[in-house]
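Okay, so here's the structure we're looking at.
Protein chains in written order, with the numbering used here: chain A, 7 to 237; chain B, 27 to 249.
Structural data, given as structure tokens:
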């Protein structure tokens, strides 16, 4: 019995030591998947066209409002603080703090496009807001900026994007959906929206937009979902 | 299975050349993991048709594939496996197809309707015991050619519909060929079903002709 325990301890110890020695050596499958993930990120980025537009759809394509799923990671539906504003920062000439009214005074974009969720479903809605490229211009984003990070008040949910996808003409900060103000389940008062990324990249309940020289992962991305997640 | 052929082209070549044998065996683990990870991905939304307009004709809306048929553990894990191995499956398929065409193997493997339809019908009649004598065959019979050619078509459709649902905006024209994202998703699952049906029939038939299995290891006789 004593010997058995010793052997068991030895095995446990070896297991822990191998894990500490690093996943790459102890788990060839994980190493392979990470390498292929990098390769696929290159493929996705090469396939992405900064000018190709997702087709705009007619009102008849709209998904019934109650059938369009909406997710958040907090236990309860997140509601914005009374003094809500959007901070724009990072490598910018002019860091900004924007109110919803400030955003609504900027050039408005309306689009009705198909949404693609990582789960496999699609749905259609109209979105109203301001291009992220307009925000970059207004803030004077530095040429060293390669990534844009979006942060939220949904328990710290965030995502970072490649600059090209963020500057896509259909990538917007949306304050409206289907002709009305954004409702809390879809990210009120302001969310990121774009038809060129999977849904989990389109951060709801926005608080910050940061123009950065490096990528900063994301809530789902850091758990194993693709970082580029282009559509 | 490889009868002596009058065509001198085949005299020096084994019934199953090395390239074809390698492609065949490499396919098996790749296809298993691709199918399993695909079904794990499907489990995240085990339905067909967009939100709010799911297709009425599909009888299994909301029914997840059984756990034993899935691979990858969870959605992200399955996606990582699926997108990693897809390239190796495509590469294996391309090597096979280039060899298939360049070596002339297509001549004795491809289903050519004018040549192979009568033989395929007679072979089918033989298998269902409508006739007693199998039709004469050369390298493959018509039914084999039909099956092995069909599965190449299924595989092509599987890859193309997969690319369409991978990038329905960047490859919008490909998605449009299939009738849009949600229709392409149907095609992607449908082609999997056809491939699985092929594999079942293939396994039953090679079990009835065990020499074919041996040939897929050794290459078989020349000529």
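C-beta atoms are modelled at their ideal positions from N, C-alpha and C, and glycine is treated no differently. All figures in this text were calculated on a predicted structure; none of them were measured in a lab.
- Residue-level contact check: residue 217/B does not touch chain A, since none of the beta carbons of chain A fall below 9 Å from its beta carbon.
- In chain order, 126 make up the part of chain A whose C-beta sits under 9 Å from the C-beta of residue 68/B.
- Inter-segment contact for the region 154–173 of chain A and the region 129–136 of chain A is absent: fewer than three beta-carbon pairs are separated by less than 8 Å.
- As DSSP reads the structure, residue 216/A sits in a beta bridge with 95/A and 155/A.
- With respect to chain B, the C-beta atom of residue 226/A has a partner C-beta closer than 9 Å.
- Rounded to whole angstroms, the separation of the alpha carbons of residue 127/A and residue 89/B is 15 Å.
- Among the residues of the region 129–158 of chain A, those with a Cβ less than 8 Å away from any Cβ of chain B are 129 and 130, in the order of the chain.
- Here residue 131/B is buried. Its C-beta has 16 or more other C-beta atoms within 10 Å.
- According to the DSSP assignment, residue 113/B belongs to no beta strand (DSSP E) but to the alpha helix (DSSP H) extending over 101–128.
- A residue is called buried when at least 16 other Cβ atoms come within 10 angstroms of its Cβ; residue 57/A does not meet this threshold and is exposed.
- Residue 73/A and residue 55/B have their C-alpha atoms roughly 39 Å apart.
- In this structure, the straight-line span from the alpha carbon of residue 41/B to that of residue 77/A is close to 57 Å.
- At a beta-carbon threshold of 9 Å, the residues of chain B lying near residue 232/A are 102, 105, 106 and 109, ordered along the chain.
- Beta-bridge analysis with DSSP links residue 102/A to 94/A.
- Relative to the Cα of residue 227/A, the nearest Cα in the group 93/A, 40/A and 34/A belongs to 40/A.
- Using a CB distance below 7 Å, the part of the region 65–99 of chain A facing chain B consists of 69, 70, 73, 74 and 75, ordered along the chain.
- With a cutoff of 9 Å on beta-carbon distance, residue 103/A and residue 217/A are scored as not near each other.
- In the three-state DSSP reduction, residue 210/A falls in the coil class, being neither helix nor strand.
- For residue 201/A, the nearest CB of chain B lies under 9 Å from its own CB, placing it at the interface with that chain.
- Straight across, the Cα-Cα distance linking residue 214/B with residue 95/A is about 43 Å.
- Taking all protein chains shown into account, residue 179/B has fewer than 16 neighbouring C-beta atoms within 10 Å of its C-beta and is therefore exposed.
- In the three-state reduction of the DSSP assignment, residue 38/B falls in the coil class, being assigned neither a helical nor a strand state.
- Note that the C-beta distance between residue 188/A and residue 109/A is not below 9 Å.
- By the C-beta density criterion, residue 51/A is exposed, having fewer than 16 other C-beta atoms within 10 angstroms.
- As DSSP reads the structure, residue 179/A sits in a beta bridge with 136/A and 198/A.
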